[in-house]
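Colleague: In our numbering, the protein residues as written are 3 to 357. Built from N, CA and C at the ideal position, the CB exists for glycine as well. Please read these numbers as outputs of a predicted model, since none were measured by experiment. Have a look at this one.
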């Protein structure tokens with residue numbers, strides 16, 4: 003979305019100027035200058051300008067024959083005129099940047115919320131603009147009274163067609179033809195069981211964003227036998243999963259998987275083992291920047307518990323973070339072998355930390 007100058011030439015802009023002349027990169031590729039904090043409006047206008055049926059309609063001057071200056075629900079045709087003028091300028095190829103000042107002033111005169119220069123909701127502005135353009139271009143000069151269509155047990159297709167026909171008796175414009183539709187509403191009374199099915203016209207349909215229910219966890223896997231190269235692994239796990247889910251994922255994705263009880267999940271901090279996670283620990287406790295290791299043990303975690311120790315200051319260090327995955331996978335583990343986690347470490351270090 004372009005909200006600034008879009009040209010092969012650089013141009014300065016002043017707030018008292020309505021446009022900057024110059025050859026645009028291509029027709030329609032024109033920046034919209036901010037009038038205060040109006041990027042919410044500019045981004046929405048850029049999207050509408052790329053809506054081909056509407057832009058073609060305004061550029062062809064078809065809108066002039068549909069202009070309805072007597073509609074009390076509209077802006078006496080002023081909104082449609084300002085939008086058509088902006089469309090023509092943006093697609094003329096003569097400007098690199100335009101200030102949509104006239105359009106904003108008309109919108110602000112109808113809706114005081116948008117009269118200032120502060121940040122506002124882009125969707126709310128879009129709904130008002132589309133509805134205002136529709137009323138300014140409504141081909142129905144005298145709207146008849148119509149009643150809501152009830153289903154009364156009829157098929158949805160039949161009810162929808164009748165609902166749309168009645169809607170078109172009061173609303174007929176290029177906006178209706180291209181950006182409006184019908185939304186089915188189904189309500190059931192919990193007491194008597196009566197069902198009401200209606201079809202209502204809508205311009206904008208709000209949909210919830212999908213919720214991410216999984217997370218990617220990076221960790222280092224150290225398999226048996228001792229001295230094996232560590233492997234960098236990325237797992238896709240449930241967002242609210244546990245350490246046991248991590249173990250089960252690993253067992254499903256490696257050859258000759260060990261029992262979950264022979265996998266120790268460790269939190270490594272400052273090149274030392276900081277703690278060991280229990281199976282019930284939530285994965286949310288592992289932060290993005292944490293260094294996590296999964297180590298295969300010869301015996302179960304319970305059997306090794308008393309001999310399970312952390313690294314101390316003189317313990318060998320993990321590969322530095324600036325080492326690439328390929329380089330790390332090729333490096334021999336050397337002294338970084340799992341003996342330091344078990345009974346062999348007692349012969350290597352005098353100071354032990356049990357946990």
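Using C-beta distances below 6 Å, list every residue in its chain close to residue 84, excluding the 5 sequence neighbours before and after it, in chain order.
Modeller: 104, 105, 108
Colleague: Could you give the distance in angstroms between the alpha-carbon of residue 286 and the alpha-carbon of residue 292?
Modeller: 11 Å
Colleague: Buried or exposed for residue 138, going by 16 or more other Cβ atoms inside 10 Å?
Modeller: buried
Colleague: Going by C-alpha distance, which of 40, 45, 259 is nearest residue 32?
Modeller: Closest option to residue 32, Cα to Cα, is 45.
Colleague: Please report the distance separating the alpha-carbon of residue 55 from that of residue 177.
Modeller: 9 Å
Colleague: Exposed or buried, which one is residue 79 when buried takes at least 16 other CB atoms within 10 Å?
Modeller: buried
Colleague: Can you tell me where the alpha helix (DSSP H) holding residue 247 begins and where it ends?
Modeller: 245-254
Colleague: Buried or exposed for residue 22, going by 16 or more other Cβ atoms inside 10 Å?
Modeller: buried
Colleague: Return helix, strand or coil for residue 238, following the three-state DSSP convention.
Modeller: strand
Colleague: Taking residue 230 as the reference, give the member of 222, 236, 237 with the closest Cα.
Modeller: Among 222, 236, 237, the Cα nearest to that of residue 230 is on 222.
Colleague: Would residue 112 and residue 81 qualify as a contact pair, given that the criterion is a beta-carbon distance under 9 Å?
Modeller: yes
Colleague: According to DSSP, is residue 319 part of a helix, a strand, or is it coil?
Modeller: Confidence at residue 319 is low in this model, with a pLDDT of 48, below 50, so its placement is unreliable and the value that follows should be read with caution. DSSP places residue 319 in coil when its eight states are reduced to three.
Colleague: Assuming contact is defined by CB atoms lying nearer than 9 Å, are residue 29 and residue 99 in contact in what I supplied?
Modeller: For residue 29 and residue 99, no; Cβs fall outside 9 Å.
Colleague: Please look up how many angstroms separate the CB atoms of residue 267 and residue 278, rounded, as I've assumed it's under 8 Å.
Modeller: 7 Å
Colleague: Could you tell me the distance, in whole angstroms, from the CA atom of residue 242 to the CA atom of residue 40?
Modeller: 40 Å
Colleague: For residue 69 versus residue 48, is the C-beta spacing smaller than 9 Å?
Modeller: Contact flag unset, no.
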